[in-house]
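One line per chain: the protein sequences are V and G, in this order.
Under this note's numbering, the first sequence has 54 at position 50, and the numbering climbs by one with no breaks.
Under this note's numbering, the second sequence has 403 at position 395, and the numbering climbs by one with no breaks.
Glycine included, each C-beta is placed from N, C-alpha and C at the ideal position.
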Amino acid sequence: MQDIILEARHINKQFHDPVTVQVLTDITFSIAKGEFVSVIGKSGCGKSTLLYILSTMDTDYDGELLIDGASMTGKNDAALARIRNEKIGFVFQFHYLLNEFSVLRNVMLPGMKLNKFSEQEVEHRALERLKMLGIEQLAHKMAYKVSGGEKQRVAIARALINDPSVIMGDEPTGNLDVKNSEMVFDILQQLAAEHNQTLLIVTHDQSFAEKTGHIIEMEDGKIIRN
Amino acid sequence: MNSKLILGLAKSLLLARWRQTLVAAVGVTFSIAMFITLLSFMNGLNDLLDGLILNRTPHVRLYNEVKPSENQPVNMSSEYKASYNFIKSVKSGISRKELYNSGPIMQAVRADNRVVGVAPKLTAQVFFNEGTIDITGVINGIDVEEESRLFNFQDYVTAGSAIDAKNVSNSIILGKGLADILVADIGDVVQVTTAQGERFSLKVVGYFQSGIQEIDKVQSYASIGTTQKLLGQPANYITDIQVKLRDLAMAPAVAKEYAQLFGADAEDIQTANAQFETGSNIRTLISYAVGVTLLIVAGFGIFNILNMMIYEKMDSIAILKATGFSGRDVNRIFLVIALSIGFFGGFLGLLIGFGFSLIIDNIPFNTAALPTIKTYPINYSPVFYFIGGFFSLITTYFAGYFPARKASKVDPVEIIRGK
Chain V
5 MQDIILEARH INKQFHDPVT VQVLTDITFS IAKGEFVSVI GKSGCGKSTL
55 LYILSTMDTD YDGELLIDGA SMTGKNDAAL ARIRNEKIGF VFQFHYLLNE
105 FSVLRNVMLP GMKLNKFSEQ EVEHRALERL KMLGIEQLAH KMAYKVSGGE
155 KQRVAIARAL INDPSVIMGD EPTGNLDVKN SEMVFDILQQ LAAEHNQTLL
205 IVTHDQSFAE KTGHIIEMED GKIIRN
Chain G
9 MNSKLILGLA KSLLLARWRQ TLVAAVGVTF SIAMFITLLS FMNGLNDLLD
59 GLILNRTPHV RLYNEVKPSE NQPVNMSSEY KASYNFIKSV KSGISRKELY
109 NSGPIMQAVR ADNRVVGVAP KLTAQVFFNE GTIDITGVIN GIDVEEESRL
159 FNFQDYVTAG SAIDAKNVSN SIILGKGLAD ILVADIGDVV QVTTAQGERF
209 SLKVVGYFQS GIQEIDKVQS YASIGTTQKL LGQPANYITD IQVKLRDLAM
259 APAVAKEYAQ LFGADAEDIQ TANAQFETGS NIRTLISYAV GVTLLIVAGF
309 GIFNILNMMI YEKMDSIAIL KATGFSGRDV NRIFLVIALS IGFFGGFLGL
359 LIGFGFSLII DNIPFNTAAL PTIKTYPINY SPVFYFIGGF FSLITTYFAG
409 YFPARKASKV DPVEIIRGK
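Shown next, in the form of structure tokens:
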């Protein structure tokens, strides 16, 4: 029996504005440790909505969500923020680095927030992760000065800083050219294979999804293939 | 550690848009500087105007008032004790204006440790004779040294020397207005006729200028000895005892106590000059109102800039929240931003306000009415600086409160999906 990292039980979600629309219907699945999962489906099928619910940022749903065996449902903002900080790493379609900071600071921020290690240790860990992704030479550049592909790798380094239970990605390659997309995919795959890192990636890129170990396909708010 | 991180984030956000930050801070700086300058100047002016009267007014004055006796003989008679007596047409009796036992009273008052000093005084109504014209005037007999020490008499002697009134026999210090009418220079001799009809020659040794022209046209000063001679009275004849207290606020209580203790009338400064207190209070109120308005306007400036900053930083807020910063952390970041604008802007404002005060303090201000004033008056009370500093923090806190709350409620999902 594998360790279950993330489990969704009967998740339903409706949008109420301007009219009530059922976005997600009875979503139930689980992800084991070390799995590389991709969620695919057409635009508007609810895959991003699902991701934000799984990431605890969206709390307006029915059903139950468990991360590392603990229920996320009904927790307050501060507790959820702490869980996001500690157990979830994020990679978005747009890189969302803080332009006011250097690359290194960007990577360090969630680590500083977690406050588990001293500043020197966090810095050391950040450099380690940058090195692993081959971008340690960018460490002291300002975030807005690095290229798109590099930014995405910085974002992955940031997602890794607290050794999260799961890394979630919302179209992490959606905004990149083929070469950079492949590079980012390779990095993600390497993380799954070599570091036993659990990954949950939302994408509409069929070829990307085909290469992952576990595909969840959605249509009209329902899982049609798992 | 966490607060250090939040401070660091706030600092980076502030410095990333340092121009905006500067504009916001300059708003606070300007309003605090103006607040300090305005209050310092206003209060300096208040002190000056109050000083015109209050510095020269005894805190408690002991004297005998000419008034009808409260104990009419019929009331004292045992025969009519039980009846209710109606007395019509009561007149003031012939009472002496002199204070009884003035010497022992002064000794007793001097021994009181609430008292800074005591100065005796007597007044004589006279006519100044200039050719065929008689001009009414008042000669105040004073102890020049005590009067100078307690009531800054020497400050108002604009020509000649105050102490000469004591050192030169039969001398007088004329009010400036009176001297102009009499065309009397220093060293001249003026003729005075007392109410009793005696004529005296007095040597002018100085001019006195109070800043209030009506007073300068009537009042003049001589030593106690000279005035007693004019009135033909012995050396213990004193009509007023002027008391200066350490604490002005105690005057009404002390006056009441002395009136009972010495059997004389006692008037306190608050009763005698109630109108000045009122004027000062209203001026202070107005300057505070203007100062606080300035601060509130600056507060709106900060509010706007923070609001704009939050719209610009939506992405950053979303990412902070996505990576584990709670709404409270974001709230604190923006409050720290607002407060640091308030703190640094306010601190600079205090310095600049002090600078402006110094400048105003050095601008020449000469007016005939105020002989002792050479520059514009400034009050450097640290109270204004405390209030200014405190208010800059309070207004910026409230200016930051709502934008910060808004920032803390930013839904990261909306921002991230919105792209």
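Those runs of the alpha helix (DSSP H) which lie wholly inside the stretch 75-103 of chain G and span at least 4 residues
81-84
Within a Cβ cutoff of 8 Å, which residues of the same chain sit near Ile381(G), ignoring the five residues on either side of it in sequence?
Residue numbering aside, residue 381(G) sits at position 373 when the second sequence is read from its first letter. Result list for Ile381(G): Leu56, Phe373, Asn374 and Thr375, in chain order.
Let me know if Leu99(G) comes out buried or exposed under the rule of 16 or more other beta-carbons within 10 Å of its beta-carbon.
The sequence position of residue 99(G) within the second sequence is 91, counting from 1. In the sequence under discussion, the amino acid at residue 99(G) is Lys, which differs from the Leu named in the question. Label assigned to Lys99(G): exposed.
How would you list, in chain order, the residues of chain G whose beta-carbon sits under 7 Å from the beta-carbon of Phe96(V)?
The residue you call residue 96(V) lines up with position 92 of the first sequence. By Cβ distance, chain G contributes Ile424.
Output the residue ranges of the alpha helix (DSSP H) runs that lie fully inside the stretch 38-115 of chain V and measure 4 residues or longer, sorted by chain position.
51-58 and 81-91
Cross-strand partners of Met172(V) (DSSP beta bridge)
By one-based count along the first sequence, residue 172(V) stands at place 168. BP columns for Met172(V) point to Phe94(V) and Leu204(V).
Which one or two residues does DSSP pair with Pro128(G) in a beta bridge?
In the second sequence, residue 128(G) corresponds to position 120, counting from 1. Pro128(G) is bridged to Ile249(G).
Give the secondary structure of Ala272(G) by DSSP, where H, G and I count as helix, E and B as strand, and everything else as coil.
As a working note, residue 272(G) is residue 264 in the second sequence. Of the three classes helix, strand and coil, the one that applies to Ala272(G) here is coil, per DSSP.
Collapsed DSSP secondary structure at Tyr215(G) in the structure displayed
To locate residue 215(G), count along the second sequence from 1; it is residue 207. Three-state DSSP puts Tyr215(G) in a strand.
Does DSSP put Ala170(G) in a helix, in a strand, or in coil?
Position 162 of the second sequence, counted from the start, is the residue given in the question as residue 170(G). Residue state, collapsed to three classes: coil.
Can you pull the chain G neighbours of Asp62(V), defined as C-beta to C-beta under 7 Å?
Numbered from 1 along the first sequence, position 58 holds the residue referred to as residue 62(V). Ordered by position in chain G, the residues that pass the 7 Å Cβ test against Asp62(V) are Val421.
How many Å lie between Gly408(G) and Ile191(V) at the Cα?
Indexing the second sequence from 1 puts residue 408(G) at position 400. Indexing the first sequence from 1 puts residue 191(V) at position 187. Near 42 Å, if we compare the C-alpha coordinates of Ile191(V) and Gly408(G).
Which class does Arg25(G) belong to by DSSP, given the choice of helix, strand or coil?
One-based indexing of the second sequence puts residue 25(G) at position 17. Coil, per DSSP.
Closest Cβ-Cβ distance between Phe121(V) and chain G: below 8 Å?
The residue given as residue 121(V) occupies position 117 in the first sequence. Answer no: the Cβ-Cβ gap between Phe121(V) and chain G never drops below 8 Å.
Chain G residues whose Cβ lies nearer than 8 Å to that of Lys17(V):
Your numbering for residue 17(V) matches position 13 in the first sequence. The contacting residues do not exist; Lys17(V) stays about 12 Å from chain G at best.
Report the option in Gly299(G), Gly149(G) and Phe398(G) whose CA atom is closest to the CA atom of Ile44(G).
Here the question's residue 44(G) lines up with position 36 in the second sequence. If we check each option's Cα against that of Ile44(G), Gly299(G) comes out closest.
Exposure label - Asp21(V); buried when at least 16 CB within 10 Å
Here the question's residue 21(V) lines up with position 17 in the first sequence. Per the 10 Å Cβ criterion, exposed.
Leu47(G) classed as buried or exposed, judged by whether at least 16 other C-beta atoms fall within 10 angstroms:
Numbered from 1 along the second sequence, position 39 holds the residue referred to as residue 47(G). So Leu47(G) ends up on the buried side.
Residue ranges of each alpha helix (DSSP H) within the stretch 308-343 of chain G, 4 or longer:
322-330
Whose CA, out of Lys414(G), Phe159(G), Phe392(G) and Asp255(G), lies closest to the CA of Asn51(G)?
Locating residue 51(G) in the second sequence gives position 43, counting from the first residue. Cα-wise, what sits closest to Asn51(G) is Phe392(G).
I need the DSSP call for Ala230(G), collapsed to helix, strand or coil.
As a first step, residue 230(G) is located in the second sequence; it is residue number 222 there, counting from the start. The answer is strand: DSSP assigns Ala230(G) an E or B state.
Taking the CB atoms as reference points, tell me whether Thr53(V) and Val27(V) lie closer together than 8 Å.
If you number the first sequence from 1, residue 53(V) lands on position 49. If you number the first sequence from 1, residue 27(V) lands on position 23. In this structure, Val27(V) lies closer than 8 Å to Thr53(V) by Cβ.
Which partner residues does Leu180(V) have in the DSSP bridge list?
Reading the first sequence from its first residue, position 176 is the one you call residue 180(V). Answer by DSSP bridge pairing: none, since Leu180(V) is not bridged.
What residue from Lys174(G), Gln221(G) and Thr166(G) has the CA that sits closest to Asp193(G)'s CA?
In the second sequence, the residue the question calls residue 193(G) occupies position 185. Of the listed residues, the one whose Cα sits closest to Asp193(G) is Thr166(G).
Out of Ile205(V), Ile139(V), Phe96(V) and Arg133(V), which has the shortest C-alpha to C-alpha gap to Val41(V)?
Counting from 1 along the first sequence, the entry for residue 41(V) is found at position 37. Closest option to Val41(V), Cα to Cα, is Ile205(V).
State the DSSP-derived secondary structure class of Ser177(G), mapped to helix, strand or coil.
Position 169 of the second sequence, counted from the start, is the residue given in the question as residue 177(G). Three-state result, Ser177(G): coil.
Is it a yes or a no for the stretch 131-147 of chain G touching the stretch 219-232 of chain G, going by three-plus beta-carbon pairs under 8 Å?
yes
So is Gly309(G) buried or exposed if we call it buried at 16+ other beta carbons inside 10 Å?
Your numbering for residue 309(G) matches position 301 in the second sequence. Buried: at least 16 other Cβ atoms inside 10 Å.
What residues in its chain sit with their C-beta under 8 Å from that of Glu275(G), if we drop five residues either side in the sequence?
Taking the first residue of the second sequence as 1, we reach residue 275(G) at position 267. Answer for Glu275(G): Val68, Arg69, Tyr71 and Ala263, listed in chain order.
Does any CB atom of chain V fall closer than 8 Å to the CB of Asn339(G)?
Taking the second sequence and counting its residues from 1, one reaches residue 339(G) at position 331. No, because no Cβ of chain V sits closer than 8 Å to the Cβ of Asn339(G).
Just checking: is the beta-carbon of Gly309(G) within a distance shorter than 8 Å of some beta-carbon in chain V?
Here residue 309(G) is taken as the residue at index 301 of the second sequence, counted from 1. No, Gly309(G) lies away from the interface with chain V (no Cβ there is under 8 Å from its Cβ).
Please tell me whether Ala74(V) has its Cβ less than 8 Å away from any Cβ of chain G.
To locate residue 74(V), count along the first sequence from 1; it is residue 70. It does not: the Cβ of Ala74(V) has no partner Cβ on chain G nearer than 8 Å.
Proximal chain V residues relative to Thr29(G), where beta-carbon distance stays under 7 Å:
Position 21 of the second sequence, counted from the start, is the residue given in the question as residue 29(G). What Thr29(G) touches in chain V: nothing, since even the nearest Cβ is about 12 Å away.
Proximity test, Ser169(G) beta-carbon vs the ligand NAP heavy atom, cut-off 7 Å:
The ligand NAP is not part of the structure shown, which contains no ligands of any sort.
Is the shortest distance between the beta-carbon of Arg336(G) and the beta-carbons of chain V less than 8 Å?
Locating residue 336(G) in the second sequence gives position 328, counting from the first residue. Closer than 8 Å: yes.
Would Ser348(G) count as contacting chain V if we go by Cβ distances under 8 Å?
Locating residue 348(G) in the second sequence gives position 340, counting from the first residue. Taking Cβ atoms only, chain V never reaches closer than 8 Å to Ser348(G), which makes this a no.
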